[in-house]
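> Right, I'll just put the structure down here and ask away after.
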Ligand SMILES: Nc1ncnc2c1ncn2[C@@H]1O[C@H](COP(=O)(O)OP(=O)(O)OP(=O)(O)O)[C@@H](O)[C@H]1O
Ligand SMILES: [Mg+2]
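Chains as they are written, first to last, in the working numbering: chain Z, 1 to 240; chain V, 1001 to 1227.
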């Protein structure tokens, strides 16, 4: 479904991604782990071209994102993204946050978008918050709204950049269980996370990154219970 | 000389108040149209520069915009006015008030551009990214997500810029525009009596700037409520 081929990215002289390749198949839940600053966010952001790689290619359903004939906005509609800082639109209510993109992009009519948004909110028990502004929600509620906002676009795949890192510990569960539910429903996901207990049960595949390269890759069981690389072992002992 | 006599002599006699009315009219015309021109130029330059910062495109236009802003902000407005009148329109038959509109509009545009840019940049980068990630284009993200938030920072600064502009039109006298300040000067130099001409004109400026401040405050409150 998604393929990154030899992508490199640097900020000035700082080479952050070094020739990374990876593929994501439909229905996979790929989790990227690694120490802070190793390039996890940058890699994730290259996948939907919010950050443009300096070298290499990203293909989504066979289409090359760097191709000028490919409409990157159309691709992004099919690749939802969830951010560490939620990035809800503070000037809009929960409902308005959700329906903005589908209606302005003329994918749905106002009424249809509202109906679908409300039923999504109902599924996460936030229907009564539909007319609240983001500032009136807790962190966990904000992140769940951000997730259903992305879901309303009916994406084929979703990217998550440390979705629980900005949350108080007692709110992490509500977000991870929503992600688990999404995964059980077959959503293809690429997730950057430090929440190892969640990753162990959630991931169908794990990538360990360090210093801009992929050092080890395998199933959750392989990575967590039978790590090969010493750097990975050290990392796991630190985060455990 | 009594105060009434002084007032009569400088304001009423020989219809001298007409100078003040003419000056006021010219000041208002120049300030009003210069504000409009300034907004048009400022918005365009701000968009070009912000679009360039986001996408890396429009390199040449961005550079021109940068030069324009730096030149305008780095030189006195009187000088810009004189250059436009005595150099650029040297041999062109053009209304002096129109020259004023152009000069102050071009001047204001640079400040407006920077105000808008700063307003846009004050919005968290994550907002732009969230817009993009939902498939919205640059212009849709700007229109529906960034600008509605940035306007709250932009508006007060714009209000201040227009108040400054209104007062700055007083240097129009340098190229012979009869605006408000010049009008008081004309009367004063005829009558050798400075008191009323200067005080009256000062009061008129004050009323206009206070009125503008009120207006901006009102708009701010209205926008504040919408969120
Ligand atoms: N926009 C940017 N401009 C300059 N440098 C950047 C930019 N974004 C990231 N970097 C640098 O790239 C490197 C990798 O950053 P990245 O955010 O991808 O790391 P990360 O693995 O996500 O870290 P964390 O776990 O702390 O989120 C860091 O050294 C960072 O300083
Ligand atoms: Mg990160």
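Idealized CB from N, CA, C, for every residue including glycine.
Remember, it's a predicted structure, so these values are computed and weren't measured experimentally.
1. What residues sit near ligand 1, counting only those whose C-beta is closer than 5 Å to one of its heavy atoms, in chain order?
2. Does the beta carbon of residue 1 (chain Z) sit closer than 8 Å to a beta carbon anywhere in chain V?
3. Considering only residues of the region 145-232 of chain Z, which uninterrupted alpha helix (DSSP H) runs meet the minimum length of 4 residues and lie entirely inside it, listed in chain order?
4. Flag residue 1116 (chain V) as yes if its beta-carbon sits less than 8 Å from any beta-carbon of chain Z, otherwise no.
5. Please confirm if the region 95-109 of chain Z is in contact with the region 34-44 of chain Z, defined as three or more CB-CB distances below 8 Å between the two stretches.
6. By the 7 Å beta-carbon criterion, what residues does the region 99-112 of chain Z contribute toward chain V?
7. Please return the same chain residues whose Cβ sits closer than 7 Å to the Cβ of residue 1077 (chain V), not counting the five positions on each side in sequence.
8. I'd like to know whether the C-beta atoms of residue 1177 (chain V) and residue 1026 (chain V) end up nearer to each other than 8 Å.
9. For residue 66 (chain Z), name the three-state secondary structure that DSSP assigns.
10. How many Å lie between residue 14 (chain Z) and residue 211 (chain Z) at the Cα?
11. Against residue 1149 (chain V), what residues of chain Z qualify as contacts under a CB-to-CB distance less than 9 Å, listed in chain order?
12. In terms of alpha-carbon separation, which member of Z:113, Z:116, Z:156, Z:47 lies closest to residue 192 (chain Z)?
13. Quick check on this structure: which residue in Z:60, Z:201, Z:63, Z:81 has the alpha carbon closest to the alpha carbon of residue 151 (chain Z)?
14. Below 8 Å on C-beta distance, what does residue 74 (chain Z) contact in chain V?
15. Residue 1227 (chain V): buried (16+ other C-beta within 10 angstroms of its C-beta) or exposed?
16. Check distances from the C-beta atoms of the region 47-63 of chain Z to those of chain V and list, in chain order, the residues that come in under 8 Å.
17. For residue 30 (chain Z), which residues from the same chain have a beta carbon less than 6 Å from its beta carbon, with the 5 sequence-adjacent residues on both sides left out?
18. Are residue 148 (chain Z) and residue 121 (chain Z) close, meaning C-beta to C-beta below 8 Å?
19. Just tell me which of V:1159, V:1182, V:1055 has its CA closest to the CA of residue 1219 (chain V).
20. With hydrogens ignored, establish whether the beta-carbon of residue 82 (chain Z) is closer than 7 Å to any heavy atom of ligand 4.
21. Can you give me the Cβ contacts of residue 1185 (chain V) inside the same chain, cut-off strictly under 8 Å, excluding the 5 residues immediately before and after it?
22. Roughly how many angstroms separate the alpha carbons of residue 197 (chain Z) and residue 128 (chain Z), rounded to a whole number?
23. Keeping to the same chain, check which residues put their C-beta closer than 7 Å to that of residue 1116 (chain V); ignore five residues upstream and five downstream.
24. Please list the residues of the region 1072-1095 of chain V that have a C-beta atom closer than 7 Å to any C-beta atom in chain C, keeping them in chain order.
25. With a threshold of 8 Å between beta carbons, is residue 1059 (chain V) in contact with chain Z?
26. From the DSSP output, in three-state form, read off residue 1167 (chain V) for me.
27. Suppose only complete runs of 3+ residues qualify. What are the beta strand (DSSP E) ranges in the region 1142-1216 of chain V, listed by chain order?
28. Let me know the beta strand (DSSP E) ranges lying completely inside the region 45-99 of chain Z, each 3 residues or longer, listed in chain order.
29. Kindly list, in the order they appear in chain V, the residues whose Cβ is closer than 8 Å to that of residue 77 (chain Z).
30. Examine chain V for any beta-carbon lying closer than 8 Å to the beta-carbon of residue 81 (chain Z), and answer yes or no.
31. Quick check: the Cα distance between residue 1109 (chain V) and residue 1030 (chain V), rounded to an integer number of angstroms?
32. So for residue 246 (chain Z), helix, strand or coil by DSSP?
33. Kindly indicate if chain V contains any beta-carbon less than 8 Å away from that of residue 233 (chain Z).
34. Alpha carbon to alpha carbon, what distance is there between residue 117 (chain Z) and residue 136 (chain Z)?
35. Tell me whether residue 122 (chain Z) sits in a helix, a strand or coil according to DSSP, three-state version.
According to the structure data:
1. With the cut-off at 5 Å, the residues found are Z:11, Z:16, Z:36, Z:37, Z:38, Z:39, Z:40, Z:41, Z:42.
2. Position 1 of the first chain, counted from the first residue, corresponds to residue 1 (chain Z). By this cut-off, residue 1 (chain Z) is not an interface position.
3. Contiguous alpha helix (DSSP H) elements confined to the region 145-232 of chain Z occur at 169-184, 196-202, 220-225, taking only those with 4 or more residues.
4. In the second chain, residue 1116 (chain V) corresponds to position 116, counting from 1. Chain Z contact via Cβ: absent.
5. Of all C-beta pairs linking the region 95-109 of chain Z to the region 34-44 of chain Z, fewer than three are shorter than 8 Å, placing the two stretches out of contact.
6. Taking 7 Å as the cut-off between beta carbons, the residues of the region 99-112 of chain Z near chain V are 100, 101, 104, 105, in sequence order.
7. Taking the first residue of the second chain as position 1, residue 1077 (chain V) is located at position 77. Sequence-distant partners of residue 1077 (chain V) (beyond 5 residues in either direction) whose C-beta falls short of 7 Å from its own C-beta, in its chain, are 1107, 1168, 1171.
8. Counting from 1 along the second chain, the entry for residue 1177 (chain V) is found at position 177. Counting from 1 along the second chain, the entry for residue 1026 (chain V) is found at position 26. Yes, these two residues count as a Cβ contact at 8 Å.
9. As a working note, residue 66 (chain Z) is residue 66 in the first chain. The answer is coil: DSSP assigns residue 66 (chain Z) none of H, G, I, E or B.
10. In the first chain, residue 14 (chain Z) corresponds to position 14, counting from 1. In the first chain, residue 211 (chain Z) corresponds to position 211, counting from 1. Taking the straight line from one Cα to the other gives about 11 Å.
11. Numbered from 1 along the second chain, position 149 holds the residue referred to as residue 1149 (chain V). Neighbours of residue 1149 (chain V) on chain Z, chain order: 89, 90, 91.
12. Against the first chain, residue 192 (chain Z) aligns to sequence position 192. Nearest C-alpha to residue 192 (chain Z): Z:47.
13. Your numbering for residue 151 (chain Z) matches position 151 in the first chain. For residue 151 (chain Z), the nearest C-alpha among the options comes from Z:81.
14. The residue you call residue 74 (chain Z) lines up with position 74 of the first chain. The answer, in chain order, is 1135.
15. Taking the first residue of the second chain as 1, we reach residue 1227 (chain V) at position 227. Because the pLDDT at residue 1227 (chain V) is just 49, under 50, the model does not fix this residue reliably, and the point stays unresolved.
16. Going along the region 47-63 of chain Z in chain order, one finds 48, 50 with a Cβ nearer than 8 Å to chain V.
17. For the purposes of this step, residue 30 (chain Z) is taken as residue 30 along the first chain, with counting starting at 1. Within the same chain, residue 30 (chain Z) has close Cβ partners 24, 190, 205.
18. As a working mapping, residue 148 (chain Z) is identified with position 148 in the first chain. As a working mapping, residue 121 (chain Z) is identified with position 121 in the first chain. Result yes, Cβ atoms of residue 148 (chain Z) and residue 121 (chain Z) sit closer than 8 Å.
19. Here residue 1219 (chain V) corresponds to residue number 219 of the second chain, with the count starting at 1. Out of V:1159, V:1182, V:1055, V:1159 has the C-alpha closest to the C-alpha of residue 1219 (chain V).
20. With respect to ligand 4, the structure shown offers nothing to examine, as its ligands consist of ligand 1 and ligand 2.
21. Looking up residue 1185 (chain V) in the second chain gives position 185. So the qualifying residues of the chain are 1173, 1197.
22. For this step, residue 197 (chain Z) is matched to residue 197 along the first chain. For this step, residue 128 (chain Z) is matched to residue 128 along the first chain. If I take the Cα positions, the gap works out to 31 Å.
23. Looking up residue 1116 (chain V) in the second chain gives position 116. Result list for residue 1116 (chain V): 1042, 1043, 1046, 1154, in chain order.
24. Included in the structure are the protein chains Z and V, with no chain C among them.
25. In the second chain, the residue the question calls residue 1059 (chain V) occupies position 59. For residue 1059 (chain V), the nearest beta carbon of chain Z is not closer than 8 Å to its own beta carbon.
26. Within the second chain, the letter at position 167 stands for residue 1167 (chain V). Under the three-state reduction of DSSP output, residue 1167 (chain V) falls in the helix class.
27. Those beta strand (DSSP E) runs which fall completely within the region 1142-1216 of chain V and span 3+ residues do not exist here.
28. Complete beta strand (DSSP E) runs here, min 3: 55-60, 79-82.
29. Along the first chain, read from residue 1 onward, the residue named residue 77 (chain Z) stands at position 77. Counting only Cβ-Cβ distances below 8 Å, residue 77 (chain Z) has contacts in chain V at 1134, 1135, in chain order.
30. As a working mapping, residue 81 (chain Z) is identified with position 81 in the first chain. At least one CB atom of chain V sits nearer than 8 Å to the CB of residue 81 (chain Z).
31. Here residue 1109 (chain V) is taken as the residue at index 109 of the second chain, counted from 1. Here residue 1030 (chain V) is taken as the residue at index 30 of the second chain, counted from 1. Looking at the two C-alpha atoms, the distance is approximately 14 Å.
32. With chain Z covering only 1 through 240, there is no way to say anything about residue 246 (chain Z).
33. Locating residue 233 (chain Z) in the first chain gives position 233, where the first residue counts as 1. No, because no Cβ of chain V sits closer than 8 Å to the Cβ of residue 233 (chain Z).
34. Here residue 136 (chain Z) refers to the residue found at position 136 of the first chain. Here residue 117 (chain Z) refers to the residue found at position 117 of the first chain. Approximately 19 Å between the Cα atoms of the pair.
35. Locating residue 122 (chain Z) in the first chain gives position 122, where the first residue counts as 1. The answer is helix: DSSP assigns residue 122 (chain Z) an H, G or I state.
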